[in-house]
Every structure is written in C-alpha cells, then in structure tokens.
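Enquirer: The sequence shown begins at 1 in UniProt numbering and counts up one residue at a time.
Even for Gly, the Cβ is constructed at its ideal location relative to N, Cα and C.
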Amino acid sequence: MAATERAGHAEELTQQFIEQGYQLIVAVGGDGTIHQVANGYMRANGQARGVAMAVMAGGTGGDFIRSLHMEQLSVEEAWASAGWRLVEQRPRLKKLSRSFAYWLQGILTHLPYYPLQPVTLSWSCPDATAATSTVEEKVALYFAAICNGQYFGGGMRVAPEADLFDGQFQLVRVRDINLYHAATRIIPGLKEGRVLEEAGPARATTARCTKFKAEADRLTISKERATLIELDGELVGTLPMEVAILPQAITLQIPRPSSDAAKQ
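1. Can you round the beta-carbon distance between residue 145 and residue 158 to whole angstroms, since I take them to be within the 8 Å contact cut?
2. Around the C-beta of residue 254, are 16 or more other C-beta atoms found within 10 angstroms, so that it is buried, or is it exposed?
3. Cβ of residue 241 versus every heavy atom of the ligand MG: is any distance shorter than 7 Å?
4. Taking only runs of the beta strand (DSSP E) that begin and end inside the UniProt domain "DAGKc" (1–78), which ones reach a length of at least 3 residues, in chain order?
5. So which of 5, 7, 25 and 187 has the shortest CA-CA distance to residue 14?
6. What does a CB cutoff of less than 6 Å around residue 55 pick up in its chain, not counting 5 residues either side in sequence?
7. Taking the CB atoms as reference points, tell me whether residue 36 and residue 10 lie closer together than 8 Å.
8. So for residue 237, helix, strand or coil by DSSP?
9. DSSP three-state call for residue 245: helix, strand or coil?
10. Looking at chain B, is there any beta carbon in it that lies within less than 8 Å of the beta carbon of residue 40?
11. Do the segment 231–244 and the segment 207–216 make contact, defined as three or more Cβ pairs closer than 8 Å?
12. State the Cα-Cα distance for the pair residue 237 and residue 228, rounded to the nearest angstrom.
13. From the DSSP output, read off the bridge partner residues of residue 203.
14. Any contact between the segment 194–204 and the segment 161–180? By contact I mean 3 or more CB pairs, one from each, below 8 Å.
15. Starting from residue 187, follow the alpha helix (DSSP H) in both directions and report where the run begins and ends.
16. For residue 135, which three-state DSSP category applies?
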C-alpha cells in the first residue's frame, strides 16, 4: 500500500505498480484519486497486461462510487477495512460542503459568465442500425455535461440515465438560462436528479453519444470569460475541447450491488 504525496502521484504509482507486475490496483479515495489511477492504468496498458482496477470510497466527492451503487465509506472506515488505521487527517473545507454550499458555489461560479455566450456543440450519435450521425447546434450555453456516470459535483445527479458500462456518454445540455432561474430551479434540480424537468424541454435536452466537440465563438468570447472545462473535479483548461469514449478499456472489479441499489 502506498499513500500519495503530491498532485499526480497516484498516476505515477499506478504505472510503477503495473510495470512491477501487480495484477490488481485498488484506488482508495475520491474522484480525483480514481481519475489519476485510471490515467496511470491506461498509460501503462493495464488491460493488455491482464491487470484489473478496483475502487474503495474514501474521499469527499464519491461520484464514481455513487454511479456504481457502492457503499460510501469515511476516510477512517476505508483505511480500517484495508487493515490500516488513520493516524493523521488534515482538515478540509470540503467537509463543510452541503446543499447550501453547493448552491452558493454554483451561483458564485457562474455569475461572471452572464450574459451567456454562444458555443457551438457537435456530437456523434449511434442509432439502432449501428450507423452514426452527427448533430451540431449553436447555443447560449449554461453548461454541457458529458457523462459516463450519473453524478458530478459531489452528488449532483445530472444524468440519471447514464450507464458506466454501455460504451456511450449521456450528454446533458442546458441553455438560455437566466441567473434567477439557475439559482431557484437548475442548481436545486441538479441535486435532486431533476435538472431536465426543472429547466424544461425548451432549455434542456439529453442525448446518447460516443464523441463530443465544443468550440466557443472566438469573436465574442474574451480570454477572461473563456468557457472552463472541468474533468472529474479538476479544471483542465478552456474551450475548444473534443472527447471520445473508449468502450471496455478498463477491467474493473466491483462488488455485486445489493438488490436495493440495483433498482436505483
């Protein structure tokens, strides 16, 4: 067992362990840790080497764990279940994050970006005949979530229909939303898994896709108001962006969900 010491360290450790011949890599932590371990797994060609990955909840977000319907553990419980005990824990502001904190953070985060600016979106959609069509639209974008799992932002169920194992993204787009509507309907709706219903069909839509591309209007977007890209809780840059799914790229070992969890 190894503890991370700096940003990106989990990715480095995962690569090292795979190259040393370990056959199972267990990520103990939140979404950021799982993200790094998955990156290390991919960089080391873990699946081709016959390596499996597993996750154990021990962080503050836990969105990936929620999508797997796994039990959420405290940091102390996660370490204890592995046969270790926690001797030191640094205080984190994240522990104060509850519904009001998420609501306030959502308002403060989006306030500088009003009025909303035009963004061009395009995505590829497989149909029942295995053919793929491409859709493109230009909208005043509030947010677009490209989801493999159902949750983001520490429990916000933005994509209730997303499936980690079906080889497709669930794309959720919300547009033309004023700040009042965002504060009173959209942000609460995210926590409850009802963002599509709260925004209404004229302002929120969803689609299945395997590829997604977004580009800001360079004539109207200033550097200070560039559209941010957040990936598994980390800000990784600004538009333009392009993503594609790699189906079945990671061998993941998970416990069998309970009957109650499987119904969610």
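Expert: Here's the rundown:
1. Locating residue 145 in the sequence shown gives position 145, where the first residue counts as 1. Locating residue 158 in the sequence shown gives position 158, where the first residue counts as 1. A Cβ-Cβ separation of about 5 Å places residue 145 in contact with residue 158 under the 8 Å criterion.
2. Indexing the sequence shown from 1 puts residue 254 at position 254. Its Cβ having fewer than 16 others within 10 Å, residue 254 is exposed.
3. The ligand MG is not part of the structure shown, which contains no ligands of any sort.
4. Those beta strand (DSSP E) runs which fall completely within the UniProt domain "DAGKc" (1–78) and span 3+ residues are 24–29 and 52–57.
5. Residue 14 sits at position 14 when you count from the first residue of the sequence shown. Among 5, 7, 25 and 187, the Cα nearest to that of residue 14 is on 25.
6. The residue labelled residue 55 in the question sits at position 55 within the sequence shown. Counting only Cβ-Cβ distances below 6 Å, and skipping sequence neighbours, we find 27 and 34.
7. Numbered from 1 along the sequence shown, position 36 holds the residue referred to as residue 36. Numbered from 1 along the sequence shown, position 10 holds the residue referred to as residue 10. It is a contact, given that the beta carbons lie within the stated cut-off.
8. Here residue 237 is taken as the residue at index 237 of the sequence shown, counted from 1. When secondary structure is reduced to three states using DSSP, residue 237 falls in the strand class.
9. Counted from its first residue, the sequence shown places residue 245 at position 245. Here residue 245 sits in coil by DSSP.
10. Although the question refers to chain B, the structure presented lacks it and comprises just one protein chain.
11. Output reads yes: the segment 207–216 touches the segment 231–244.
12. Here residue 237 corresponds to residue number 237 of the sequence shown, with the count starting at 1. Here residue 228 corresponds to residue number 228 of the sequence shown, with the count starting at 1. Each residue's Cα considered, the two are about 6 Å apart.
13. One-based indexing of the sequence shown puts residue 203 at position 203. Per the DSSP secondary-structure output, residue 203 pairs with nothing in a beta bridge.
14. With a cut-off of 8 Å, the segment 161–180 and the segment 194–204 count as touching, because enough Cβ pairs lie within range.
15. If you number the sequence shown from 1, residue 187 lands on position 187. Counting along the chain, the unbroken alpha helix (DSSP H) around residue 187 starts and ends at 187–192.
16. Here residue 135 refers to the residue found at position 135 of the sequence shown. Here residue 135 carries a strand assignment [DSSP, helix/strand/coil].
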